[in-house]
Structures are given as structure tokens and as C-alpha cells.
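Colleague: By the working numbering, the letter at position 32 of the sequence shown is numbered 40, and the numbering carries on one by one without gaps. The structure is given below, and queries will be raised subsequently.
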Amino acid sequence: MSITPAQRTSIMILWSKVCKDRKWKSGDREFRLAKFSELIGRQLKSTNDVERLDECTKLMAELNCLLGVSVEAGKEASDPSLNRARVIRNQILTEIIPCLEMYRGERLPSDLADILEDKNRWWKLDRPVRGITLMDLDDLPIFRYDKAASKKKFVGSQLKQMQWTLSRWLNTLRNEAGDTIHEMKTKASVPCDCAACKKAEFMREEVTAGETPEEVAADAWFEQEMHKEEAASERPF
Ligand SMILES: [Zn+2]
Numbered sequence: 009m010s011i012t013p014a015q016r017t018s019i020m021i022l023w024s025k026v027c028k029d030r031k032w033k034s035g036d037r038e039f040r041l042a043k044f045s046e047l048i049g050r051q052l053k054s055t056n057d058v059e060r061l062d063e064c065t066k067l068m069a070e071l072n073c074l075l076g077v078s079v080e081a082g083k084e085a086s087d088p089s090l091n092r093a094r095v096i097r098n099q100i101l102t103e104i105i106p107c108l109e110m111y112r113g114e115r116l117p118s119d120l121a122d123i124l125e126d127k128n129r130w131w132k133l134d135r136p137v138r139g140i141t142l143m144d145l146d147d148l149p150i151f152r153y154d155k156a157a158s159k160k161k162f163v164g165s166q167l168k169q170m171q172w173t174l175s176r177w178l179n180t181l182r183n184e185a186g187d188t189i190h191e192m193k194t195k196a197s198v199p200c201d202c203a204a205c206k207k208a209e210f211m212r213e214e215v216t217a218g219e220t221p222e223e224v225a226a227d228a229w230f231e232q233e234m235h236k237e238e239a240a241s242e243r244p245f
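Quick look at the structure:
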């Protein structure tokens, strides 16, 4: 089954968001083809070459992962643990750390280094000199033998354990400061998805129903590109 024009448009809107986010040139066709080929895992001749539904799904999942917006997307891509790792790191870096920073200020870097070292000392034998960073942690499942139940028990992954630990700590700091989740996120300039904020967002969307100007522009630009590519692929050699 080949992909539909609507799916192509979705891919392009995602791509323009990724480019904006990463400061990539969205109009660079060669670069886009190279990136898409890399994400799909096969050399594409044109964007139109994304013809199978599974490739389209994978590409969209990978693009969503680059944006770090969807945990579900990570599960669909070929190496789920790599994509989930990206999503978890992103959540830690863009949501948890800014809030921790607000409460801990200059003390945060050394706090974090201590927590990272402490939690991961058991696998750190091969890197005695350099400190551990989030990039060293993966999302591979860890199992520990549970004596009481006489079976292996899932205890998260290096990154999940870090996410849980930091979230618990942040919760304690937040309670000590007497902030609600909404107050904390607002002060730290982190997007908040509490009920009140979701409702406000919903009301805004009602007003500006439909696509944003950027989406419309990306769409138009993509259609133009697609036509160019179609024309190019029909050209006899
Ligand atoms: Zn809120």
C-alpha cells in the first residue's frame, strides 16, 4: 500500500518542525533525503520513494522521536530502546532539570553528578576517570532476582531509574517550597499540562481552529517539492 498525500503532508509538517527545532535547513533536499534514508534504513531516491505504509509509519515515528514529543512513537521504531532513551533524556532535560535548577540553583550540577555516580557505580568499572553523563545511561530493561517471589523482577532501566529518582527528589523539593505542580512549572517556564492549563490550551485552539500559518506554509512548500521530485523521477535518463 502506498502512502497518501495527507501522510506525505504530515511527514513534511513534522520535518519542518524538526528542522526548526534543530536549526536545520528545511529546504535542503539532499540533506532531507539523506536524513530520511538514514531514519528509514534504506537509500531513498526521492521523498516520493517513501512508498510503503510501514516506512511512512517508521519515518513519522522517528521524526516524532527527534522532536521528543511521543513516547508511543519510540515504541514503533526499529530499536525501541534507543528511541525511548532519547525520549526519557529529553523529558529529564527539558522538564525535570529546569525545575530542579529553580530550587537548587548553583548546587544542582554537583547534586546531579553525585546522584548519577551513586546510582550507577555498579557498572562504572570501565570508566574510572570520566564522570557519568545522561548520555552514558541507556533504556535497556534491568531485571533483578526477587527471592521472595522466586522469579526475575523488572526494575526499570538506567534511564528510568534516573527519571524516577529525579522526579521523587523534585517532588520533595516542590513540597518543601509549598508550590503546586502548576506553580512550579510556570515559575520554571516548563510547559504545564495540568487540568487548568489543558483547558486554557483547548480554548485557545478553539479560537485558532485549524492549521497554524507555519503548518500551512510547510504544507504548500512540501507540495511544491513533491511535484518537483515527481517531475524529476519521470524524466527519462
Ligand atoms: Zn498548569
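C-beta: ideal position from N, C-alpha, C; glycine also. Computed from a predicted model, the values in this text were never measured in an experiment.
Locate the alpha helix (DSSP H) running through LYS168, then write down its first and last residues.
Modeller: 166-185
Colleague: Taking 7 Å as the cut-off, is the beta-carbon of CYS107 closer than that to any non-hydrogen atom of ligand 1?
Modeller: no
Colleague: Just to confirm the assignment, what range does the alpha helix (DSSP H) spanning ASP122 have?
Modeller: 116-128
Colleague: Over the uninterrupted alpha helix (DSSP H) stretch that includes ARG40, give me the two end residues.
Modeller: 37-48
Colleague: Mind checking whether the beta-carbon of ALA204 lies closer than 7 Å to any heavy atom of ligand 1?
Modeller: yes
Colleague: According to DSSP, is ASP201 part of a helix, a strand, or is it coil?
Modeller: Of the three classes helix, strand and coil, the one that applies to ASP201 here is coil, per DSSP.
Colleague: Span of the beta strand (DSSP E) holding LYS161?
Modeller: 159-162
Colleague: Taking the C-alpha atoms as reference points, what is the distance between THR12 and LEU124?
Modeller: Cα-Cα distance, rounded: 46 Å.
Colleague: Let's test the definition: count the other Cβ atoms within 10 Å of the Cβ of ALA93 and tell me whether it reaches 16, buried, or not, exposed.
Modeller: buried
Colleague: For PRO199 and LYS193, what's the separation of their Cα atoms in angstroms?
Modeller: 7 Å
Colleague: Note down the Cα distance separating ALA69 from PRO106, rounded to an integer number of angstroms.
Modeller: 26 Å
Colleague: Roughly how many angstroms lie between the CA atoms of GLU114 and ALA196, to the nearest whole one?
Modeller: 15 Å
Colleague: I'd like to confirm the pairing. Which residues does DSSP put opposite ASP154 in its beta bridges?
Modeller: According to DSSP, ASP154 bridges with LYS159.
Colleague: For GLY139, which of helix, strand or coil comes out of DSSP?
Modeller: Three-state result, GLY139: coil.
Colleague: Just to confirm, does LYS193 get its C-beta within under 7 Å of one of the non-hydrogen atoms of ligand 1?
Modeller: yes
Colleague: Between the alpha carbons of LYS161 and LYS155, how many angstroms are there, rounded?
Modeller: 10 Å
Colleague: With respect to 7 Å, is the separation between the Cβ of CYS200 and the closest non-hydrogen atom of ligand 1 below this value?
Modeller: yes
Colleague: Cα-Cα, which of ILE96, TRP23, LEU142 and ASP201 is closest to CYS64?
Modeller: TRP23
Colleague: Within the continuous alpha helix (DSSP H) that includes SER18, where are the two ends?
Modeller: 13-30
Colleague: State the CB to CB distance for the pair LEU142 and ILE104, rounded to an integer number of angstroms; the pair is presumed to be in contact (CB under 8 Å).
Modeller: Contact flag wrong, Cβ pair sits at about 11 Å.
Colleague: Kindly list the residues whose CB is nearer than 6 Å to the CB of LEU174, restricted to its own chain and excluding five residues on each side of it in sequence; keep chain order.
Modeller: ILE104
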